[in-house]
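Colleague: Protein chains in written order, with the numbering used here: chain Z, 68 to 697; chain D, 807 to 917. Glycine is no exception: its CB is placed at the ideal position from the N, C-alpha and C atoms.
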């Protein structure tokens, strides 16, 4: 049983090998080979992850596998070691499993790329999987930070994959810069933790002896800084605007990085540090409020978007907000549960939208679509499953995870619960608006597109089917007590890691059923509303509040006005005044002074020996005088 | 006699030499002034040498008491003699070429 942990290092190394082969041999590999190497390495990692997961599930508990010493000084010892426990093995399964499906999907989706770019794409994708695995497998904050930076880099590379389009480059830069702001917070938190506890190992930092050494100010400060890091990576207010722009990348990338895995890194980090977070009340409140605000803000924006990927992007931001709401309410298991189910159905929805975009020849505007359900049966059915799951229809996966979150929030704070319910309603509304506009009604695109529409190849539909099955059954690992005694297996599985989870006491079973009924009823109302509103598609200018939503609450404009413009003006000032006048002036001034003075001094060299001698004598006299009197 | 008289004489001779070099235009006089400065230095060397020899204790060895500085003076005289011959030869050649021994006329060192 122990032996599998000796091979755990293979999990990240396999994608790394894939990255190296694809990256270095991108000019020589055929597309088939690049695809096989890219997908195969991730499949290998998935199989090992599965074995690791089984071993952890069989009760071996948390295992730390030291590989080598990473940093070793007199006062600081950081080992490069991997940890396998319930939380990380679950994430391993999500990352490698969903990652593998998306790799397979990509072989078909990216098939029109030239061979060199095709291999480069898979190299980046493998590098991403490698970094993400490092992030979750590291047994200390430093290894996590390495992965954290790695996924940020891969995100940048993949958003700007079609770098000939300058808008995409801008989107990539935006994502990178916003992530960096968060990363700084994370880094400061690590430094703070290190200076107070002298260690970054999870097992040492989160031991009760260490936690007692920290003052409450330390705890609040560290957790707040960690949370800043999480807002950057997981696209929360105020650093969420990069995620919708990140849709510039290829659709499978959006599915893998910007929906299923990378953006959940922040949730993983907070769930991992739950022992610390549950001791910082203030931070918990801030997290809950930020999460809820993000969930509502993004959901309202999604209601008015017409770009199929933008809707899904804002939906992702909104769902991440729900996860943070759960974290803030102390419901760590529910948050991780939602990460898992969200990975299934959001990857499914993104891949489904990719299939639609593929069929429509690159068209992303849902106003130009419609009636696709007859032409794309598999895509249509799987997309519908995804919509039902995210909207939270029982008994699909989204129902259980969302219900788990809402129940805990209800226990925590009734107002937050009411607003969360509103968010869930909005989710159902915008998802079904998207669904009806895309698949129902009559086709609204050009005739050329109508002829072109076709079902996608098997490499694309198979992952869709697998993910659809997962989206349906994924919730059964966390069935609440109401329906089945000991049904919440996920909770028992994660309990050793998420020890500071708050238990639900104050809600009786009948009350719980009532809440579920209420949520489901409201979702149903939202779906019917969406159906009624989309029966007649009228393209009209948004006015009043609708326009505010369509323009995304003017958040981008606001950031432009209060951050970007002042920064530009400051840069312009530094450029024109400090750089050109000050620094350049000084440097050129030195040169000019030397030139001018040498031109003047040159006149002394008149060729008269007498003058030379006179000057020599005067010089000697001067030396004498200096020597005698000074 | 006290050492200060020797120093005074040497300084006077040296200053006359310097003034001559700076003010006179005739190359031969400039040359003689340089000799004057050299000899001022020689005088000084001899004077100091004598002073040191007198100040040294009677038990000191021969080299200390005899003062090697006087040997330098002989060296300087010998070198000066050689230098004078070369310098005069240059002045003669100068006169042959330019029919003048005016140093200010020779400003070819310019630039």
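CA-CA distance, residue 267 of chain Z and residue 207 of chain Z?
Modeller: Answer to the nearest angstrom: the Cα atoms are 5 Å apart.
Colleague: Identify, in the order they occur along the chain, each residue of the same chain with its Cβ nearer than 7 Å to the Cβ of residue 893 of chain D, setting aside the five sequence neighbours on each side.
Modeller: Around residue 893 of chain D: 837.
Colleague: Whose C-beta lies closer than 7 Å to the C-beta of residue 74 of chain Z among residues of the same chain, with five residues either side of it excluded?
Modeller: Result list for residue 74 of chain Z: 115, in chain order.
Colleague: With a floor of 3 residues, list each beta strand (DSSP E) that falls wholly inside the region 348-389 of chain Z, ordered by position along the chain.
Modeller: Counting whole runs of 3 or more residues, the region 348-389 of chain Z contains no beta strand (DSSP E) stretch at all.
Colleague: What is the residue span of the alpha helix (DSSP H) that residue 623 of chain Z lies within?
Modeller: Start and end: 622-626.
Colleague: Along chain D, which residues have their Cβ under 7 Å away from the Cβ of residue 677 of chain Z?
Modeller: What residue 677 of chain Z touches in chain D: 828, 909 and 910.
Colleague: Using three-state DSSP, classify residue 75 of chain Z as helix, strand or coil.
Modeller: Of the three classes helix, strand and coil, the one that applies to residue 75 of chain Z here is coil, per DSSP.
Colleague: Write down the C-beta distance between residue 325 of chain Z and residue 310 of chain Z rounded to the nearest angstrom, noting that I regard them as a contact closer than 8 Å.
Modeller: About 6 Å separates the two Cβ atoms, so the contact holds.
Colleague: Roughly how many angstroms separate the alpha carbons of residue 678 of chain Z and residue 845 of chain D, rounded to a whole number?
Modeller: Each residue's alpha carbon lies about 24 Å from the other.
Colleague: Could you name each continuous beta strand (DSSP E) segment of 3 residues or more that falls completely within the region 137-211 of chain Z, going from the start of the chain to the end?
Modeller: You should have 144-151.
Colleague: Which bits of chain D does residue 690 of chain Z rub up against, with CB to CB less than 9 Å?
Modeller: By Cβ distance, chain D contributes nothing, its closest Cβ being about 15 Å from residue 690 of chain Z, past 9 Å.
Colleague: Are there 16 or more other CB atoms within 10 angstroms of the CB of residue 218 of chain Z, so buried, or fewer, so exposed?
Modeller: The residue in question, residue 218 of chain Z, is buried, as its Cβ has 16 or more Cβ neighbours within 10 Å.
Colleague: Quick check on the DSSP output: the alpha helix (DSSP H) that includes residue 884 of chain D runs from which residue to which?
Modeller: Here the alpha helix (DSSP H) through residue 884 of chain D covers 875-904.
Colleague: If we require 4 or more residues per run, which alpha helix (DSSP H) segments fall completely within the region 495-558 of chain Z?
Modeller: Within the region 495-558 of chain Z, the complete alpha helix (DSSP H) runs of at least 4 residues are 514-519 and 525-540.
Colleague: Take every Cβ of the region 209-226 of chain Z, pair it with every Cβ of the region 321-338 of chain Z, and state whether three or more of those distances are shorter than 8 Å.
Modeller: At 8 Å Cβ cutoff, the stretches touch.
Colleague: Let me check one thing: in DSSP terms, what residues is residue 131 of chain Z bridge-paired to?
Modeller: Note: residue 131 of chain Z sits in a beta bridge opposite Z:150.
Colleague: Would you verify that the beta carbon of residue 847 of chain D is, or is not, closer than 8 Å to some beta carbon of chain Z?
Modeller: False, the Cβ-Cβ gap to chain Z never drops below 8 Å.
Colleague: Going by C-alpha to C-alpha distance, which of Z:403, Z:448, Z:345 and Z:378 sits closest to residue 397 of chain Z?
Modeller: Of Z:403, Z:448, Z:345 and Z:378, the residue nearest in Cα terms is Z:345.
Colleague: Please list the partners that residue 681 of chain Z has in chain D, where partner means a Cβ-to-Cβ separation under 8 Å.
Modeller: Simply 828.
Colleague: Alpha carbon to alpha carbon, how far is residue 687 of chain Z from residue 693 of chain Z? Give it in angstroms, no decimals.
Modeller: Cα to Cα, residue 693 of chain Z sits roughly 10 Å from residue 687 of chain Z.
Colleague: Residue 817 of chain D touches chain Z at which residues, Cβ-Cβ below 7 Å?
Modeller: Those do not exist, as residue 817 of chain D stays about 12 Å from chain Z at its closest Cβ, beyond 7 Å.
Colleague: What does residue 892 of chain D reach in chain Z if we use C-beta pairs closer than 7 Å?
Modeller: Neighbours of residue 892 of chain D on chain Z: none; closest Cβ ~17 Å, over 7 Å.
Colleague: Going straight from the alpha carbon of residue 111 of chain Z to that of residue 579 of chain Z, what length do you get?
Modeller: One C-alpha to the other measures close to 42 Å.
Colleague: Distance, Cα to Cα, residue 384 of chain Z vs residue 492 of chain Z?
Modeller: Using only the alpha carbons, I get a separation of about 15 Å.
Colleague: The region 639-659 of chain Z: which residues have C-beta closer than 7 Å to a C-beta of chain D, in chain order?
Modeller: Under the 7 Å Cβ criterion, the region 639-659 of chain Z contributes no residue.
Colleague: Pull up the distance between the alpha-carbon of residue 502 of chain Z and that of residue 338 of chain Z, whole angstroms please.
Modeller: The straight-line gap from Cα to Cα measures roughly 33 Å.
Colleague: Exposed or buried, which one is residue 303 of chain Z when buried takes at least 16 other CB atoms within 10 Å?
Modeller: So residue 303 of chain Z counts as buried.
Colleague: Among all the DSSP beta bridges, which residues are the ones paired with residue 908 of chain D?
Modeller: In DSSP, residue 908 of chain D forms a bridge with D:832.
Colleague: State whether the region 229-244 of chain Z contacts the region 252-261 of chain Z, with contact taken as three or more CB pairs (one from each stretch) at a distance under 8 Å.
Modeller: No: fewer than three Cβ pairs fall under 8 Å.
Colleague: Please report the straight-line C-alpha distance between residue 740 of chain Z and residue 423 of chain Z, rounded to a whole angstrom.
Modeller: As shown, chain Z starts at 68 and ends at 697. That puts residue 740 of chain Z outside it, with no answer to give.
Colleague: Any beta carbon from chain Z within less than 8 Å of residue 824 of chain D's own beta carbon?
Modeller: Yes, because at least one Cβ of chain Z sits closer than 8 Å to the Cβ of residue 824 of chain D.
Colleague: Taking residue 285 of chain Z as the reference, give the member of Z:319, Z:232, Z:350 and Z:298 with the closest Cα.
Modeller: Comparing Cα positions, the closest option is Z:350.
Colleague: Where does residue 268 of chain Z fall in DSSP's three states?
Modeller: Correct three-state label for residue 268 of chain Z: strand.
Colleague: Please check if any C-beta of chain D sits within less than 8 Å of the C-beta of residue 684 of chain Z.
Modeller: True, the Cβ-Cβ gap to chain D drops below 8 Å.
Colleague: Does the structure place the region 530-543 of chain Z close enough to the region 412-426 of chain Z that three or more beta carbon pairs sit under 8 Å?
Modeller: Flag = yes, the region 412-426 of chain Z and the region 530-543 of chain Z touch.
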